[in-house]
Amino acid sequence: MPDKPRVIEKPDVLEKPDILKPPAPAPLVTFPVEVVVPEGRQQTPAVGQRATRADARLHGLGQTKYIDDMYFPNMLFAKIKRAGIASARIKSIDTKEAEAMPGVIAVITGRDIPCNSFGPSLKDQPVLASERVFHAGDGVAAVAAVSEQIAAEAIEKIKVEYEPLTPVLDPLESLKLETPGVHAPSANIYGHKLIKKGDVEKAFAESYRVFEGTFRTQMVEHVPLEPYACIAQWDANGRVTVYSTLGRITLGRADVARTLGIPMSRIRIIATVVGGNFGGKNEIRAEPVMALLSKKTGRPVKCVYTRSEEFTASTTRHPLVMDYKTGVSKQGKILGRKIRLVLDGGAYCSWSETTLGKACILSAGPYNIDNLYAEAFVVYTNKTMTGAMRGFGAPQVCFAYESHMDDIAHALGLDPLEFRLMNAFEEGSISPTGQKLHSVVVKESLLRAAKRFGWNGLGDGNGTGVKA
Amino acid sequence: MKRRGRGMACMWYPIGFTVAANPSAAVVKVNEDGTATLLTGTVETGQGSLTILAQIVAQELGIATDDVHVVSADTDATPMDTGAIASRTTYVTGNAARIAAEKAKETLFEVAAPLMAVKPSQLEAADHKIFVKGFPQRNMHIGDVANHARVVSGQPPIGSGYFNPETLALDPETGQGKPFGTYVYATQIAEVDVDDETGEVEVVRIVASHDCGTAINPMLVEGQVEGGVSMGVGFALEEEILFDANGRQLNPNLTNYIMPTSLDMPEVEVDIVDNYDPTGPFGAKGVGEPTLVPTAAAICNAIYDAVGVRITALPATSEKVFKALQAKREQQPKQIGAAPNGGGGSSASVH
Amino acid sequence: MVNVTLKVNGETRSATVPPETTLLRLLRDQFNLTGAKLGCDVGDCGACTVIVDGKPVNSCLMLAGQADGREVLTIEGLANADHLHPLQKLFEHFGSLQCGFCGPGVIMSAKALLDENPNPSAQEIRDALGGNLCRCTGYAKMIEAIKGASCILRGEEIPAVKSAFVTE
Amino acid sequence: MKAFEFFSATNSNHAVALLAQHAANGKVKVLAGGTDLLADLKFSVHGPDVVVDISRANDLKNIAVTDQGLSIGALVTHTQIMRSPVIRDMFPALVDAAHTIGAVQTRNLGTLGGNLVTAVPSMDSGPTLMALEAIVTIASPGGRRQVPLSEFFVGPRKTILKPDELLAEIIIPKQNLGKPTHFLKFGLRKGQALALVNVAGSFWVDWEKNTFVAPRIGLGAVAPKVIRASQAEAFLEGRPITPENMAEAGRIAVNDAKPISDFRASAEYRRHLVAVLTKRALEGAWALAQKKRLEGSNGKRHA
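Chains as they are written, first to last, in my numbering: chain A, 308 to 775; chain B, 40 to 390; chain C, 699 to 866; chain D, 1387 to 1689.
What follows is the structure, given as structure tokens:
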């Protein structure tokens, strides 16, 4: 460490050949030459063994290669310009200044995308917004440059002129027909589900008591520790290889083929190892953009989302507003239940249809209820799009029906365990959709958990004092 | 003063897509030494699905987990798979892998049968051997059979198979039908401490009893439950994407989006409910998603048990719990902590 | 540009990089040591944790210039040709990692803890992992493995694994 | 991150010289631990022209008891504070405060000086040092000057430091050495929490009368800068040490606080927390005072 300060001039790309050339070869990484196989992996029969994971050792050695750990010669780095405004009409996009920057190799916008829409069910999501912005995380342009730093500076130089529009943010507002359509001209309700069984009003009339409650849940992010990453490499045969953090390569390939307008046989998708999914990596994001940038430059192009893009430009968990009404007999048998669910779908459909369906089907809980009316709606808002997330609506409705169940148990002076056992499914029970259920163990799980926990009857809602 | 409470929640959750076809295909190649390679289009996103699939193939072929190498997640090299979604991999892809392994095994039996002077139907595979049912001493090492299959009888033992859960479309008017092949069930019970001065909630302990059919690998099931519970704790108490009046996120970073750290996690006791589903591979169903489903409800029920306030909107932040306590005290100034009937989120009406 | 020379996993390495280069970028892009991960780039997630002069730090919050002349240990330097570090062995044995992305950071934090505290309590382990976010595991099996590794390092028996099956 | 020039200082004088040299012609940032600075630079659209790295200035890394009091160098890391036997013995509150900052990794890099210079109202080092009436030494080309910490902060992320000045050391004056002090922080989670409110309570005891002597209360995250709860302090002075008086001091401290509502918490809730945490901090300090007395160590002011 020299004592005198280093005097150095501002770095300039043209004098920075080092970032254009691939990194130094990897040093020898040490690992045991003798591979000892853990016992569990060698046992037969294999099922039921606490076998260690095949990838565990590489994980522990830091040798698992995630996409951001991969490098190809001459690789470029891409960044996507985000709208930063929830609802607007795009008047113009000026990319000249960015294109002129030293180190910038290519810039594309939504107009460069052959078929600028995708989605698992409704194809309502643009790859890059070209006319309209539907939520603040929408991408509007992309830059490929010789370094991530230059790409990041370049997107700041892209000038986008917007005509701001009033965003729709509240799902209950959005539900009203007079509310302007997010995807005008159509109304904001884009999914509806209904499950009917017996006569719920009659059941309420015959009930000893009827309980009502409204429950709400929030928007949640998946937070995979590995942010979204993608590398696309277009070759001379017109085939493109896409390395992507995708949990569903089959659907991914179909979407890439559709948006690029090329046959599936020309697309190879490799998901390598994905650093956490939880539902957030079940559809394409920037794959078509990287493919086009690679086609345009003839070089491999890599894109890694920043943590903030992982929040604003990826799907999230649907917030729900849930109205419950339940009629019970004096003994505590559930006679009827009426449910209304409103799902905030955000800007795009994504996996909303699946979430809507599962939320509605599961909303009554694992209970025998002869009279049921469950209705669910999903609406657009100008918020971050919601999609698949661990549980597809189940965590939301479970919060509602199980909170509701406890309220009823307390009001009837019943032990929440007894009340649940009294109404829970058993082998052969008929589900809300009329399905005969098999291998049902709700009661077993209740009893085992209660035993393991040391559950002892109904509480008084005042807890037990413990030292602060 | 801290008050301790406990609350329970149970749930049911389906495996696979809602009605829509969600097939998986798989290819199993038995190598000349009796080890095997599985080709699958699903993706390892952390759950350990590839290890589970290897165990299923190994079980079918009577070899060990370590004898099965899995190639995955490449559209050029691996067969179609609906992917790592909807807690379907063990059940759907697992069934496909088992069927593919079974077909490869049939070839091995055809090759071995004449060598042991029996019919293929009289053979079984276990512990690296193919043997005559009821006469385990009459056996051949699976490697010898596999090698014979290639170099002598010229029948490379390769099997492919697919599986798609059996469903029935739902009636648009009544929603009646059969949307899923099977369901799993679970109960979680939470113990919490609530600081009745600040509203701060600490989750002390969670007991989680989960059904996943046969636990192909109990260690990985535990891992899924422990991870799901942590996501459930965040969902219950901390996590929320917040927006400003113009629809822009206020906290799109891990500084201000609050998820559980190691210091925020309770002791989690995982309990696997013994169960067997005849429609699953070796009785297995799945476990990925359901693990976080009941957590928030159990915690909020425990908060109610501790201090008698019902949180009706997640997350149950300290401030929300405090405000609920404040409202409750104003409601019943004289009798704090009295019998909470009516104090809940569900109002009652008598007929 | 700045010239940096540092000891990485016992080997002296040099590079000339732009001043704004972080230690993480230096390790990953210049030295091809990709074990340390970029998860948030602002020191919240801990996936980039490496040990500098014996202390775990977020390599995304340290400039390459600051690391000049220092000793850096990354996950790649933990095992040797003969055996895995007990932490690596037990993280495998207990299934402590799932997607694995947080793993290198978690293991380096644990290594630094055990170097200073050969017999940490569960709470001390939780505190040591407080800067390493994990979304898959709920941390439980990591804590088990770290406890186990501390036993091995002290030459004691590893406590038996809690099984999810309770015999009724 | 935007490009900038990088200079590394070998000691505090060198650092001040570098600042003087570059502050004239451009925006200069001082890099100590870097945990706040680098996180900021990664988001800032207009970065600094020059970054002066002082992390190697070893003359700013000492902890020592001088005739002025306890001197803590600006570059002492939070981890060093947690492990310093002197500090652990005299001011467990400083140890607790350091422990609540970020996580191990950030505590290993982050410095006490950096925490103060960043001047975020929710800083965890602030309340305790305010309660202990700390003084800071500022090094500038003209030499060194000292100011009370209470005058060091100007507003959110603003201090009195001029571009060519450097925070050199933090001094806890002699008369407060060993003063029973307790720190409490309330965050949105246990690990890596940002304070919604943090409070330090500190007082000497008149064991004959069993009354508060020189009570001091520091409040964080409830005003544009870290403040003292002067009204509550005035109330406690000379009053008997009782749970009622501590609770009342908490209620009074609410008037000293001017919290804002943000997405983390409402002003109303923060005010409530001020009352509860102030009371609890005073209770903690009282418990510590009694413990120190039993140990026969300094539970009361040195003669």
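Just so it is clear, CB atoms sit at the ideal spot from N, CA and C, and this is done for glycine as well. Remember, it's a predicted structure, so these values are computed and weren't measured experimentally.
Determine the burial state of residue i: buried for a count of at least 16 other Cβ atoms within 10 Å of its Cβ, exposed for fewer.
i, result
"asparagine 589 of chain A", "buried"
"proline 487 of chain A", "exposed"
"valine 1416 of chain D", "buried"
"glutamate 842 of chain C", "buried"
"glutamine 638 of chain A", "exposed"
"proline 802 of chain C", "buried"
"valine 96 of chain B", "buried"
"arginine 852 of chain C", "exposed"
If you draw a straight line from the alpha carbon of residue i to that of residue j, how long is it in whole angstroms?
i, j, result
"isoleucine 350 of chain B", "phenylalanine 522 of chain A", "9 angstroms"
"aspartate 183 of chain B", "leucine 92 of chain B", "24 angstroms"
"lysine 328 of chain A", "valine 686 of chain A", "In this prediction, lysine 328 of chain A scores a pLDDT of 47, lower than 50, which makes its location untrustworthy; the coordinate-derived value is nonetheless stated afterwards. Whole-angstrom Cα-Cα distance: 49 angstroms."
"arginine 348 of chain A", "valine 326 of chain B", "21 angstroms"
"valine 119 of chain B", "threonine 84 of chain B", "Correcting the residue identity first, residue 119 of chain B is methionine in this sequence and not valine. Approximately 17 angstroms between the Cα atoms of the pair."
"glutamate 854 of chain C", "asparagine 817 of chain C", "11 angstroms"
"aspartate 1482 of chain D", "alanine 1607 of chain D", "17 angstroms"
"histidine 499 of chain A", "glycine 652 of chain A", "12 angstroms"
"alanine 539 of chain A", "threonine 416 of chain A", "17 angstroms"
"arginine 1469 of chain D", "glycine 605 of chain A", "56 angstroms"
"glutamate 660 of chain A", "phenylalanine 282 of chain B", "24 angstroms"
"lysine 252 of chain B", "proline 329 of chain B", "Going by the sequence as given, residue 252 of chain B is glycine instead of lysine. Spanning the two alpha carbons is a distance of roughly 13 angstroms."
Give me the residue from the options with the minimum Cα distance to residue i.
i, options, result
"alanine 112 of chain B", "A/Cys610, A/Leu721 and A/Val549", "A/Val549"
"alanine 188 of chain B", "B/Gly286, B/Glu99, B/Asn70 and B/Asn178", "B/Asn70"
"aspartate 1426 of chain D", "D/Thr1567, D/Asn1444, D/Pro1513 and D/Val1506", "D/Val1506"
"arginine 824 of chain C", "C/Glu769, C/Pro857 and C/Val804", "C/Val804"
"asparagine 1562 of chain D", "D/Lys1678, D/Ile1449 and D/Gly1455", "D/Gly1455"
"tyrosine 343 of chain B", "A/Ala449, A/His717, A/Leu648 and A/Ile397", "A/His717"
"proline 534 of chain A", "C/Phe799, C/Leu722 and C/Leu725", "C/Phe799"
"valine 223 of chain B", "B/Met258, B/Asp313 and B/Ala156", "B/Asp313"
"glycine 761 of chain A", "B/Val346, B/Ala164, B/Glu163 and B/Glu230", "B/Glu230"
"phenylalanine 729 of chain C", "C/Thr747, C/Ala847, C/Thr710 and C/Ala777", "C/Thr710"
"glutamate 278 of chain B", "B/Leu209, B/Ser357 and B/Ser160", "B/Ser357"
"leucine 1495 of chain D", "C/Leu759, C/Cys849 and C/Cys797", "C/Leu759"
"glycine 664 of chain A", "B/Glu328, B/Asp303, B/Gly214 and B/Val260", "B/Gly214"
Please go through the same chain and pick out, in chain order, the residues whose beta-carbon is closer than 8 angstroms to the beta-carbon of residue i, but skip the five residues on each side of it.
i, result
"valine 1402 of chain D", "Ala1525, Ser1526, Pro1527, Asp1550, Glu1551 and Leu1552"
"arginine 389 of chain A", "Ala443, Gly444, Asp445, Gly446, Val447, Glu616, Thr619 and Ala620"
Which same chain residues end up closer than 6 angstroms to residue i when comparing Cβ atoms and leaving out the 5 residues on each side of it in sequence?
i, result
"threonine 128 of chain B", "Thr81 and Ser88"
"glutamate 294 of chain A", "Here chain A has residues from 308 to 775 only, and residue 294 of chain A is not among them."
Could you name the residues of the same chain whose beta carbon sits closer than 7 angstroms to that of residue i, not counting the 5 residues immediately before and after it, in chain order?
i, result
"aspartate 766 of chain C", "Val702, Thr703 and Leu704"
"asparagine 689 of chain A", "Ala393, Ser394, Phe441, His442, Pro474, Val475, Leu476, Val489 and Ala654"
"asparagine 340 of chain B", "Gly46, Met47 and Ala48"
When you compare the CB of residue i with every CB in chain E, is at least one pair closer than 8 angstroms?
i, result
"alanine 838 of chain C", "Protein chains A, B, C and D are contained in the structure displayed, whereas chain E is not."
Does the ligand NAP have a heavy atom nearer than 7 angstroms to the CB of residue i?
i, result
"threonine 1396 of chain D", "Ligands in the displayed structure: none, and consequently the ligand NAP is not present."
| message | Quick check for students: name the residue ranges of the alpha helix (DSSP H) that lie wholly in the stretch 1504 to 1578 of chain D, counting only runs of 4 or more. | response | Qualifying alpha helix (DSSP H) stretches, in chain order: 1512 to 1517 and 1535 to 1538.
| request: Go through the stretch 1396 to 1463 of chain D residue by residue and report every complete run of the beta strand (DSSP E) that reaches 3 residues or more, in order. | output: Runs of the beta strand (DSSP E) spanning 3 or more residues and lying entirely within the stretch 1396 to 1463 of chain D occur at 1414 to 1417, 1436 to 1439, 1449 to 1452 and 1455 to 1459, in chain order.
| task | Jot down the residue ranges of each uninterrupted alpha helix (DSSP H) in the stretch 645 to 684 of chain A, minimum 4 residues, whole runs only, in chain order. | result | Within the stretch 645 to 684 of chain A, the complete alpha helix (DSSP H) runs of at least 4 residues are 659 to 669.
| query | Can you list the alpha helix (DSSP H) stretches of 4 or more residues lying completely in the stretch 736 to 761 of chain A, in chain order? | reply | DSSP runs (the alpha helix (DSSP H)) wholly in the stretch 736 to 761 of chain A: 749 to 760.
| Enumerated in chain order, which unbroken segments of the beta strand (DSSP E) with a length of 3 residues or greater are wholly contained in the stretch 726 to 761 of chain C? | You should have 747 to 750 and 753 to 756.
| query | Which full runs of the alpha helix (DSSP H) of 4+ residues lie inside the stretch 517 to 591 of chain A, going along the chain? | reply | Unbroken alpha helix (DSSP H) stretches of 4 residues or longer found wholly inside the stretch 517 to 591 of chain A: 556 to 567, given in chain order.
| task | Could you tell me which uninterrupted beta strand (DSSP E) segments, each at least 3 residues in length, are contained entirely in the stretch 158 to 227 of chain B, listed from first to last along the chain? | result | Runs found: 162 to 165, 168 to 171, 174 to 180 and 197 to 202.
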